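Peer 1:
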Amino acid sequence: MSNSLSQKLHTVPAAIVFGLIAAFIWGVWPVVSALSIDQSLSALDLTALRFGVAAIILLPLFWKLKLGIFGRGQLSWKAVILLVTGAGLPYVLAGTGGLEFAPAGHFGVITPSTQLMTSTLGSWLILKETQSRTRWIAVGIILCGVVMTGWEGLQGRGENVWIGDLMFFSAGVLWGTFTLSARHYSVETFHAAAVVSVWSALIFFPIYLFFLDSGIPTASISEIIIQGVVQGLLTAVVALILFTRAIAIIGAGRSAVFPTLVPGTVVILAIPILNEYPTLIEIIGLIIVSIGMVLAMGLLDRFIGQRR
Numbered sequence: 332m333s334n335s336l337s338q339k340l341h342t343v344p345a346a347i348v349f350g351l352i353a354a355f356i357w358g359v360w361p362v363v364s365a366l367s368i369d370q371s372l373s374a375l376d377l378t379a380l381r382f383g384v385a386a387i388i389l390l391p392l393f394w395k396l397k398l399g400i401f402g403r404g405q406l407s408w409k410a411v412i413l414l415v416t417g418a419g420l421p422y423v424l425a426g427t428g429g430l431e432f433a434p435a436g437h438f439g440v441i442t443p444s445t446q447l448m449t450s451t452l453g454s455w456l457i458l459k460e461t462q463s464r465t466r467w468i469a470v471g472i473i474l475c476g477v478v479m480t481g482w483e484g485l486q487g488r489g490e491n492v493w494i495g496d497l498m499f500f501s502a503g504v505l506w507g508t509f510t511l512s513a514r515h516y517s518v519e520t521f522h523a524a525a526v527v528s529v530w531s532a533l534i535f536f537p538i539y540l541f542f543l544d545s546g547i548p549t550a551s552i553s554e555i556i557i558q559g560v561v562q563g564l565l566t567a568v569v570a571l572i573l574f575t576r577a578i579a580i581i582g583a584g585r586s587a588v589f590p591t592l593v594p595g596t597v598v599i600l601a602i603p604i605l606n607e608y609p610t611l612i613e614i615i616g617l618i619i620v621s622i623g624m625v626l627a628m629g630l631l632d633r634f635i636g637q638r639r
C-alpha cells in the first residue's frame, strides 16, 4: 500500500495537484499581505514573520537530513546562493516591498508573467528541456489571459507605482531563477525549503533586530498569528515544498505555469475578503489562462491519446 501511494505521488497528476495548491497559497499571500500593510505591519515585519516562523519549523531538518551546520548537504555554495536568492530574502523583499508602492493586482499580473517567461526560456536555453510548439503557444495564451485578468488593476496610477511594478518584475525574475536552479541541481523537496528559509533568517534577523523599527509589538495578536501562519507556514514552507516537488516530477518548464494562476486566485479571494467582484474581462481572462494551462501541461494531448 505504501509503495502504491509512493508511486502515485510521483505521477504527473500528483504534480498538478501539488502545483495547484501552491498556486492557491501564493494567491492568498499578496491579498493578506496588502491588508496587513494597510493596517499596522510593514513589508519588513512580514518578512520577519515569514522567515522567523519558517526557520523555527525547518531548522531541525538541518540535522535530521544531515545537511551539516550550514545546511548545504551535497549542494555547492553556488546552488545555495541561487536558491536563497531566488525564493528567499531578495524575492520576498521585492514582492512585499512592492506592495507598499503598487496594488496587489499589479503583483498578481507582473510577477507570474515574468516568472513564466524566465522559467520557460531558461528551461529551453539552459536546461535544454524540449519545448514543443504547443507549449510556446500555450505560454502566449497564458500571458494574454494574465494580462486580461489584471488589466483593470494595471490601470491604477500613482506617483510611485512604477517603483512597485519594477520590484514585482524583479521578483518574477528571481522566482524563475529558483525554478531553474531547483531543477538543475535536483534539489530535494525539504532541503530546498530548509536552505531558503533558514539562510534567509540568518541573514535578515541581525539587521532587522538591531537596525530597523518593528511594527510587530503594536500589532494585534490575531494579526500576528494570521500573518505568521500565512507567511511562515503556508507560503514559505508548504507552498515551496509542493512547488519544488512538482518541479522534480514534471520539470521547470511545465511547473512555471502554476504561478500564472495567482491572478485568478487573487480575483476570486477578493470577493469574500475585499468585497470586490470580478468584471467580465477578468472572467474571460481566467478562462483563457485555464485553457493555456491545459495546453501547457499536455493534458489535452494526454486526453486525446487516451480516447484513441
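Position in the sequence shown (from 1) plus 331 gives the number in my numbering. C-beta: ideal position from N, C-alpha, C; glycine also. All figures in this text were calculated on a predicted structure; none of them were measured in a lab.
Determine whether the Cβ of W482 lies closer than 8 Å to any Cβ atom of chain B.
Peer 2: Judged by its chain identifiers, the structure shown contains no chain B, having just a single protein chain.
Peer 1: Using a Cβ-Cβ cut-off of 6 Å (strictly less than) and excluding sequence neighbours within five positions of T520, which residues of its own chain qualify?
Peer 2: The answer, listed in chain order, is I572, T575 and R576.
Peer 1: Considering only residues of the region 503 to 563, which uninterrupted alpha helix (DSSP H) runs meet the minimum length of 4 residues and lie entirely inside it, listed in chain order?
Peer 2: Those alpha helix (DSSP H) runs which fall completely within the region 503 to 563 and span 4+ residues are 520 to 542 and 552 to 558.
Peer 1: On the CB-based measure, 16 or more other CB atoms within 10 Å of its CB, does Q370 come out buried or exposed?
Peer 2: Result: exposed.
Peer 1: I'd like the span of the alpha helix (DSSP H) that includes F355, first residue to last.
Peer 2: Element bounds for F355: V343 to Q370.
Peer 1: Classify L458 as helix, strand or coil using the three-state DSSP reduction.
Peer 2: Reduced to three states, the DSSP call for L458 is coil.
Peer 1: For a test of the three-state rule: what should DSSP assign to E431, helix, strand or coil?
Peer 2: Coil.
Peer 1: Going by DSSP, what residue range makes up the alpha helix (DSSP H) through L592?
Peer 2: Neither: L592 is in no alpha helix (DSSP H) and is coded neither H nor E.
Peer 1: If you compare alpha carbons, which of L564, P361, S553 and T465 is closest to E431?
Peer 2: Of L564, P361, S553 and T465, the residue nearest in Cα terms is P361.
Peer 1: Expressed to the nearest angstrom, what Euclidean distance is found between the alpha-carbon atoms of V560 and H522?
Peer 2: Between V560 and H522, the C-alpha separation is close to 20 Å.
Peer 1: With DSSP collapsed to three states, give me the class of A587.
Peer 2: Coil at A587, not helix or strand.
Peer 1: Rounded to the nearest angstrom, what separates G616 and F541 at their Cα positions?
Peer 2: Approximately 46 Å, taken between the alpha carbons.
Peer 1: Among P548, Y608 and G350, which residue has its Cα nearest to the Cα of P590?
Peer 2: Of the listed residues, the one whose Cα sits closest to P590 is G350.
Peer 1: Looking at the unbroken alpha helix (DSSP H) that takes in T610, where does it start and where does it end?
Peer 2: Run containing T610: none; DSSP gives neither H nor E here.
Peer 1: Within the same chain, show all residues whose beta-carbon is closer than 8 Å to that of I614, passing over the 5 residues directly before and after it, in chain order.
Peer 2: Hits under 8 Å: none found.
Peer 1: According to DSSP, simplified to helix, strand and coil, what is L375?
Peer 2: Reduced to three states, the DSSP call for L375 is helix.
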